[in-house]
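In what follows, a single structure is set out as structure tokens and then discussed.
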Amino acid sequence: MSGSPAFQFYPSDFLSDENVQLMSLEQIGAYIILICFAWKEESIPDDIEKLSRLCKTSPKLMKKLWDGIKPCFKIDKKNSKRLIHPRLEEERKKQKDRTKK
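Using numbering that gives the first Met the number 0, the first residue of the sequence shown is number 0, and each one after it goes up by one.
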């Protein structure tokens, strides 16, 4: 689990991100839930069934939603069954660096 309970959220970056701009409103809602879990747990499962449960939706709908969300996540090099969010990992590193200072 992440050591910090919060991360910086940059509305301009979020709203100008091409991946976000291409998402439906439902996809954006699921995406926000998933980035919150990715922050809290440091990754999310690479499994539609589990993602659907995290997002409180059916696996069938999650498969549809996932097409627009998936480009925002990458396979975790430490665990190929998990996905990380690269931008969140940058923020996590910044927080750790600030804490060290």
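Backbone N, C-alpha and C define an ideal beta-carbon position, used for all residues, glycine too.
Determine, using beta carbons only, whether residue i and residue j come nearer to each other than 8 Å.
{"i": "Lys101", "j": "Pro44", "result": "With the chain covering 0 to 100 only, the question about residue 101 has no answer from this structure."}
{"i": "Asp75", "j": "Ile83", "result": "yes"}
{"i": "Leu64", "j": "Gln94", "result": "no"}
{"i": "Leu87", "j": "Ile34", "result": "yes"}
Within its chain, find whatever has a CB closer than 8 Å to the CB of residue i; leave out the 5 residues flanking it on each side and keep chain order.
{"i": "Arg91", "result": "Ser1, Ser3, Phe6, Trp38, Glu41"}
{"i": "Leu21", "result": "Gly67"}
{"i": "Asn78", "result": "Ser42"}
Once you ignore the five residues that flank residue i on each side, which residues in its own chain have a CB closer than 6 Å to its CB?
{"i": "Leu53", "result": "Phe36"}
{"i": "Lys62", "result": "Ile47"}
{"i": "Lys99", "result": "none"}
Look up residue i in the DSSP assignment and say whether it is helix, strand or coil.
{"i": "Asp96", "result": "helix"}
{"i": "Pro4", "result": "coil"}
{"i": "Asp12", "result": "helix"}
{"i": "Leu24", "result": "helix"}
Answer with buried or exposed for residue i, where buried requires no fewer than 16 other C-beta atoms within 10 angstroms of its C-beta.
{"i": "Phe72", "result": "buried"}
{"i": "Ser51", "result": "buried"}
Between which residues of its own chain and residue i is the CB-CB distance below 7 Å, once the five residues before and five after are set aside?
{"i": "Val19", "result": "Phe13, Ile27"}
{"i": "Pro85", "result": "Lys73"}
Problem - Contiguous alpha helix (DSSP H) assignments of at least 4 residues, all confined to the stretch 31 to 93 - result: 47 to 53, 58 to 68
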